[in-house]
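If you count by mature numbering (1 follows the signal peptide of the UniProt record, and there is no 0), then the sequence shown holds residues -21 to -1, 1 to 986, one letter each, in order. C-beta: ideal position from N, C-alpha, C; glycine also. The structure appears right after this line, and notes come after that.
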Amino acid sequence: MLKQITAFLPIFMGFFWMANAQESKIYTHEDVAYLEALELYNNKQYQAAQRIFETVKANTSDVETQANSTYYVANAAIRLNQIGADKLMEDFVERYPTSTKRNSAFSDVADYYFETGKYPYALKWYDKVDQSAMSRKEKERFNFNYGYALFSSKKTKEAERYLSKVANSPTYGSQAKYYLGYISYQQDDYDGANERFDQITDQELLDEKLSYYQADMNFKLGNFEESIALAKKQLPKSDRKEVSELNKIIGESYFNLKQYENAVPYLKEYKGKRGKWSNTDYYLLGYSYYKQGDYENAIQQFNKIIGGTNSVSQNAYYHLAECYLNVDKKQEALNAFKNAAQMDFSSEIQKDAYLNYARLSYEIGNAYESVPQVISSYLEKYPNDANSGEMQELLVDSYITSKNFKGAMELLEDNKNYASKATYQKVAFYRGVELFMDADHASALENFTKSLDSAEDAIFTARAQYWKGESEYVLNRFDDALSSFSKFKTAPSAKSVPEYANLDYNLAYTYFKLKNYGQAIDYFQKYTASNNAESEKRNDAYLRLGDSYFVTSTYWPAIESYNKVLASNSPEKDYAAFQKALSYGFVDRVADKIKGLDNLVSQFSNSSLRDDALFELGNSYVKTNKEKEGLQAYDQLIRDFKKSSLVPQAMLRQGLIHYNANRNEQALTKFKTVAKDYPGTQEAVQAVTTAKLIYVDLGRVNEYAAWVENLDFIEVTDTELDNATFESAEKQLLEGKDDAALRGLREYVDQFPNGLHSLRANFNLAQLYFKKGDTNNALTHYKNVTDKGVNEYTEQSLARISEIYIAKDQYSDAIPFLERLETSAQIQQNITFSQSNLMKGYYEQKDYEQTITYANKVLATAKIDDRIKSDAHVMIARSAIQTNDEAKAEEAYKEVKKIATGKLAAEAWYYDAYFKHKARDFEASNIAVQKLAKDFSAYKEWGGKGLILMAKNFYALDDAYQATYILDNVITNFEQFPEIVAQARGELSIIKAKEAKRNSSVDPDDN
């Protein structure tokens, strides 16, 4: 910036001459007060002088004295900056048009404002001056002052006209040429500027100013070496502001000469405009470091370039990406390459940046858009590129590495030439496994078949054959499964794949399902004898081996197998104990059976088989004529397991015992209890039938008739029709004629709502409706079953009702049924199902304490798969987050991360990044976000949240470029998640507001 030149000596000399001339004229006047005021005025005591001049003016009759006094009062007012001062001077001119001071009044005021730097005011008064009345010297002063005032008011065209008039003046010439030269300099007319500067003869002016402008002009003309010499010469003589600008000129000149090492110290000394650097300033210093291989320092400069949209920014982002690659920061490089690829100032840089962006996306993943989409877009934009073959291979592999096997299959089905048959075989296999894990076994089977049809790789051929068998087994196609497992067994590569370890186990189960127990026994034995058998599966194999012996009535070997389970840590030891006890019963070791059942009841206090054991125990005592002990066992069952479906059977057995012992009243009491508490069940029907015999024997038929009249499920007169109607519908069901069965059962229920078979009819109707997908009607009939008290269908019906409500996301409706299922279920799978869904249901209702309680119940279950475990840990973690217990949440998410897959794993990795960010381990947090982006790109919501964390991490690491770039991309690419976009906007505003304080190129309001 120019300094204002204030050496106006001719102006001051003229002013004092006028003052002295006036003083000699007035000196002969008799008015001493006037002389005193004039002396004060000349001594710049304007206020005191003004008061006396006011007095003189009011008391003199001399017109000239009045005029002069008015003139000085107005001048004093102007110098005192009084309100209305200009008006006073204008009034003087108007009132005393013949005064000798009329013309000097305008120039005096103009000169005063000029001297005080108030150039717009000076121009106003100079416009009033009558130049014709001026002397030559006065005109020179007027033209220079007026020209400079115009120059300072940025009216350069008019300024040139007046300054040119004094360009050859001995007094004002050098200064006029300086400003004329500067005007040319500002207009980028460097030749004109140099011509005028060269004419300046004032050495002081030359030393003070011209080296700076000549250095700048030479820089702009491309004369960099001359520019450096002139700027270095000027440096010692310059003030702080000019020193900054001169350093910039020297640094940029060295930069343009490609002398980057010399450029750096000067570029660093530049202080910026008003204390701020621009994106270009950061680029110059960053590029200078980059060219010297100092990538860390280059990054520190390049990453301050925010929001650039010009060729400089495209270059900067491209080189920034290269720097990141050189220091092995690939995620950061990915972002910078993408930014450079989005700009088209240089098509060559754009293409190369895009290629690197695609390659890096494949290598490390991409959280903004799917990797396949990135590569596909590159292929679309550059279809004839020399790298298209590489990109096609990466495209297929990108689907595989991102585990988007569905997308990979769709791509390869449409573009057979993108990959080899071996790759297609591999993709089809993995898609099959994915579908199998999602329980879409039919589609999984289809993909395993496709994989086998493209058999190229022996390893994947063997694996596909194995999983084909697994799919067929789950679909109950056991003959096909046996064939697939047998083919797998003979495959050349079978023994080299991990699935081989489970072959004997799977073959054994397949033979077991086919009721070929001899072969099942052989394969279960082979598996249990194997060194590679997993302990959990070995225990299960022993259990099924025992069952195979048991079902073939080979009880002693069965007992040996069950003993193996009892000696292990299997969670099904209670089942083994139960089966072992039953086996003893079949080899006439009833005492051992009773002992075994008794031990089960006492030792396995949490076993779901305790009610079965007590029931069998009661039966065994009765068979050995220990009626008392038998009745006691039934009593314990009835007392301890009120919701067990065996309770009505136990009561019925007790009634029959009393009936056979001629204890008719006790028998009737039991039968009536069964009929009252378990109406509609088969046990209730049998109880009524047997009670009828007792009443007939006792001759109390009327009493029987009165009793059954109040039993809704007994319609004595319609018994034969009831049976016939139900049997007809049941026959259709057994023959697989679902529609006919549905009609028949509906007719039965309508005709006999409380019929003998209403319980079974309602259950079968519910099952048929459920099979057809008519869940509303299914619910009605399942509820009819559960409303009839505990019965043989209660557990299945409760499970189905819960399943239907859960599928509709109606957890509040499901919870009461889940709670009943939990307390009444005999099958562990149903207990786990109820507890895991109660856990989710309570979370939906924001009952976090109950959520954690049920999650812990689930985790305490001995045998559950990893998916249920991860669900439980996630529920604990989410509840802990909601209750601000982040320590517990962190531990829970660590467990989730170990075992979860899919969306839950994405959530766990996000929180891994979140807790590392909270601990200020920003780089480790970024690594977790990169893992989230690479392996779980399908889960965009978690990816978006992770990116915001990454942006905050980068800003904490002083990388403003990465932070703002990431947030900009979140705003652009995550519109389907408004909350994430809003958070990104908020973070971006904070960062830009901070960066705008040091970077003039940043607009804090540009979001």
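Considering only the alpha carbon of each residue, which of the options lies closest to residue i?
i	options	result
Ile810	Tyr105, Gly448, Ser587, Trp921	Ser587
Asn569	Lys118, Asn598, Ala53, Val580	Residue identity check: residue 569 is Val in the sequence provided, not Asn. Closest option to Val569, Cα to Cα, is Asn598.
Asn835	Pro957, Ile806, Lys819	Lys819
Glu359	Asn345, Leu374, Glu117, Ala346	Leu374
Ala719	Phe731, Thr704, Pro732, Asn733	Thr704
Trp921	Ala346, Phe234, Tyr91, Ser48	Ala346
Phe415	Glu435, Leu454, Asp393, Ile438	Leu454
Ala684	Lys671, Ala512, Asn202	Lys671
Ala138	Gly923, Tyr127, Lys767	Tyr127
Ser465	Ala295, Asn22, Tyr445	Tyr445
Ala868	Arg722, Leu747, Ala859, Lys136	Ala859
Ser377	Ile343, Ser367, Thr830	Ile343
residue 1019	Glu782, Glu771, Phe93, Leu797	No answer is possible for residue 1019: it lies beyond the span of the chain, which begins at -21 and ends at 986.
Leu424	Ser463, Glu435, Asp436	Ser463
Ala930	Glu275, Leu967, Gln293	Leu967
Lys116	Gln504, Ile785, Val145, Lys107	Val145
Ile945	Lys133, Pro99, Ala315, Glu15	Ala315
Asn54	Glu43, Thr34, Asn21, Pro149	Asn21
Asn816	Ala421, Gln805, Tyr833, Ser803	Tyr833
Asp559	Trp535, Pro550, Ser547	Just to set this straight, residue 559 is Lys in the shown sequence, not Asp. Comparing Cα-Cα distances from Lys559 to each of Trp535, Pro550, Ser547, the minimum goes to Trp535.
Tyr125	Ala112, Ser114, Arg140	Arg140
His298	Ile285, Asp323, Tyr262, Met322	Tyr262
Val476	Ala487, Ala437, Tyr488, His760	Ala437
Lys330	Glu348, Glu311, Ser367	Ser367
Tell me, which residues are paired with residue i by DSSP?
i	result
Trp535	Beta-bridge pairing links Trp535 to no other residue.
Trp256	Asn978
What does the Cβ neighbour count give for residue i, buried or exposed, with the cut at 16 atoms within 10 Å?
i	result
Asp845	exposed
Asp70	exposed
Lys447	buried
Ala663	buried
Trp888	buried
Leu713	exposed
Pro215	exposed
Ile354	buried
Thr669	buried
Ala37	exposed
Lys913	buried
Gly575	buried
Gly723	buried
Thr79	exposed
Thr951	exposed
Tyr528	buried
Gln824	exposed
Asp218	exposed
Phe565	exposed
Glu301	buried
Gln808	exposed
Ile538	buried
Ala460	buried
Lys716	exposed
Less than 8 Å between the CB atoms is what I'm expecting for residue i and residue j, so what's the real figure, rounded?
i	j	result
Leu264	Val243	7 Å
Val406	Phe384	6 Å
Leu735	Thr765	Between Thr765 and Leu735 the Cβ distance is about 19 Å, and since that is not below 8 Å, they are no contact.
Phe123	Leu142	7 Å
Trp256	Ser979	7 Å
Phe121	Ser86	7 Å
Gly659	Lys751	Not a contact, Cβ separation roughly 25 Å.
(message) Quick check for students: name the residue ranges of the alpha helix (DSSP H) that lie wholly in the region 672 to 711, counting only runs of 4 or more.
(response) 680 to 687
(request) Please specify which runs of the alpha helix (DSSP H), each continuous and at least 4 residues long, are wholly inside the region 562 to 603, giving them in chain order. (result) The DSSP assignment places complete alpha helix (DSSP H) segments of no fewer than 4 residues inside the region 562 to 603 at 569 to 582, 589 to 602, in order along the chain.
(request) Enumerate, from N- to C-terminal direction, the unbroken alpha helix (DSSP H) stretches of 4 or more residues contained entirely within the region 820 to 897. (result) Within the region 820 to 897, the complete alpha helix (DSSP H) runs of at least 4 residues fall at 827 to 839, 845 to 861, 865 to 878, 881 to 897.
(request) Please go through the region 603 to 639 and give each complete alpha helix (DSSP H) segment of 4 or more residues, from N-terminal end onward. (result) 606 to 619, 626 to 639
(request) Tell me the start and end of each unbroken beta strand (DSSP E) in the region 485 to 552 that is at least 3 residues and wholly inside, in chain order. (result) none
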